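The next block holds one structure in the form of structure tokens; read it before the comments.
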Amino acid sequence: MTVQLVLLVAAALFSVGLYGALSQQVVVMVMMGLELMINGVILAAVACYWFLTPTPTAQVVLLVVIAAMTVEMAMGFAVATLLHRSRNSDMTDMATDLSG
Amino acid sequence: MSIGLLGTVVFWMLAVIAVLCGAAVFRVDSMARATYALAVSFIAVGAQVLILGLSYIGVITVLMMIMEMAIMAVYMIMFMGMNPALMPMNMVHGNKAAAVTAAGVFAALATGILLAPWPDRAGVPDPDPTAALGEALIGSKMLVMIVVSAVLLATVVAALVLALPRGRYDRFGDDLRRRPPADPQPGGVGR
């Protein structure tokens, strides 16, 4: 087991998540894509901890990544709730005017 | 400190499960199945984290995902009003462009991963990584924790502001001086 192999798995998770985040129309499915990307980042950070720098600093980086996932989750659900209430829709295509 | 042959075998099995379930999230035809697939993918990665010795991080990853799947189930019931597992769906846009972009990103990442001159491991893992993390968080890395705390608090406030159907500013106006409040139903006992 080497750092390259584990990072390749993490890259696969990240890429699958990126495909989902770009291709899905439902807001919650877009969130699932973003979470898969963060899942890949978590695995990559753990690989760096184990194979390169087994220090508490690497663990703190992991905590920050997990906190970012929490923020994404909470804000995503809040935006999806607001979108559903104001437009009776949960599709990104119905909210293209929010871009930019 | 090594994870042994059994640990290595289990690690790679979990890696395969994580990637396959991750791909299944966008292949299955209902949101409920996608939710379960994502949960399995995260639990597999959480177990990999556990194998690599980070028990605290691994457990909170798994617990967070279980909680998130519970919230997602409530969300589906609230806004879809049906059993989402029975609702086939295939709602994508720009499928080909997304697939090409994702494949390109994977190729770029893989190239970088395989070509980078990775250094040797510096030091050995702490015998008790959780205790080491705790000491770092209340010591040299306290600023990180303080910033994360503020960000999480701001997230709680922002999520509530967005999700709240009617707040006090809707009732009492922007200056909070409107009396009586603009309620859809008058309050009190009718006197």
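If you read the sequences in order, they're chains A and B.
Following the working numbering, the numbering of the first sequence begins with 1 at its first residue and continues without gaps.
Following the working numbering, the numbering of the second sequence begins with 1001 at its first residue and continues without gaps.
Beta carbons: idealized from backbone N, C-alpha and C, even for Gly.
Here the structure is a predicted model, which means the values were calculated and not measured.
ALA1136(B) and VAL71(A) - do their beta-carbons sit closer together than 8 Å? By 1-based counting over the first sequence, the position of residue 71(A) is 71. By 1-based counting over the second sequence, the position of residue 1136(B) is 136. Not closer than 8 Å, so no.
Using CA atoms only, rank isn't needed, just tell me which of VAL9(A), MET31(A), PHE14(A), MET94(A) is closest to ALA74(A). As a working mapping, residue 74(A) is identified with position 74 in the first sequence. Among VAL9(A), MET31(A), PHE14(A), MET94(A), the Cα nearest to that of ALA74(A) belongs to MET31(A).
With 8 Å set as the bound, which would you pick, yes or no: does the beta-carbon of TYR1169(B) sit closer than that to a beta-carbon of chain A? Translated into the one-based positions of the second sequence, residue 1169(B) becomes position 169. No - not a single Cβ of chain A is within 8 Å of the one on TYR1169(B).
Restricting to Cα atoms, I'd like to know which of ARG1179(B), GLY1053(B), ARG1177(B), TYR1075(B) is closest to GLY1004(B). Translated into the one-based positions of the second sequence, residue 1004(B) becomes position 4. Nearest C-alpha to GLY1004(B): GLY1053(B).
Check distances from the C-beta atoms of the region 1105 to 1125 of chain B to those of chain A and list, in chain order, the residues that come in under 7 Å. Answer in chain order: VAL1105, PHE1106, LEU1109, ALA1110, ILE1113, LEU1114, TRP1118, PRO1119, ARG1121, ALA1122, GLY1123, VAL1124, PRO1125.
With 8 Å as the threshold, decide whether the Cβ of ILE1066(B) is near any Cβ in chain A. Residue 1066(B) sits at position 66 when you count from the first residue of the second sequence. ILE1066(B) does not count as touching chain A.
Exposed or buried, THR1061(B), counting other C-beta atoms within 10 Å across all chains shown (16 or more means buried)? To locate residue 1061(B), count along the second sequence from 1; it is residue 61. Classification for THR1061(B): buried.
Strand pairing of MET91(A), partner residues [DSSP]: Along the first sequence, one-based indexing puts residue 91(A) at 91. MET91(A) pairs with VAL26(A).
Comparing C-alpha positions only, which one of ILE1113(B), ARG1166(B), GLY1139(B) sits nearest to VAL9(A)? Taking the first sequence and counting its residues from 1, one reaches residue 9(A) at position 9. Nearest C-alpha to VAL9(A): ILE1113(B).
Euclidean distance between Cα positions of GLN4(A) and ALA1107(B): Along the first sequence, one-based indexing puts residue 4(A) at 4. Along the second sequence, one-based indexing puts residue 1107(B) at 107. Rounded to whole angstroms, GLN4(A) to ALA1107(B) spans 14 Å at the Cα level.
Under 7 Å from the C-beta of LEU7(A): neighbouring residues of chain B: Numbered from 1 along the first sequence, position 7 holds the residue referred to as residue 7(A). For LEU7(A), the chain B residues whose Cβ falls inside 7 Å of its Cβ are ILE1113, in order along the chain.
Pull up the DSSP beta-bridge partners for VAL1092(B), would you. Residue 1092(B) sits at position 92 when you count from the first residue of the second sequence. In the DSSP output, where bridge partners are listed per residue, VAL1092(B) has GLN24(A).
So, is the C-beta of ASP97(A) closer than 8 Å to a C-beta in chain B? Here residue 97(A) refers to the residue found at position 97 when the first sequence is read from its first residue. Taking Cβ atoms only, chain B never reaches closer than 8 Å to ASP97(A), which makes this a no.
Within the 8 Å Cβ cut-off, does VAL41(A) reach chain B? By one-based count along the first sequence, residue 41(A) stands at place 41. It does not: the Cβ of VAL41(A) has no partner Cβ on chain B nearer than 8 Å.
Return helix, strand or coil for ILE1066(B), following the three-state DSSP convention. Here residue 1066(B) corresponds to residue number 66 of the second sequence, with the count starting at 1. DSSP, read as helix, strand or coil, puts ILE1066(B) in helix.
Below 7 Å CB to CB, which residues in the same chain sit around ALA21(A) once its five sequence neighbours on both sides are set aside? Residue numbering aside, residue 21(A) sits at position 21 when the first sequence is read from its first letter. Correct list, in chain order: VAL30, GLY33, LEU34, MET37.
Within 8 Å (strictly less), CB to CB, does GLY1022(B) reach chain A? Taking the second sequence and counting its residues from 1, the one referred to as residue 1022(B) is at position 22. Residue-level contact by beta carbon holds for GLY1022(B) and chain A, with a gap shorter than 8 Å.
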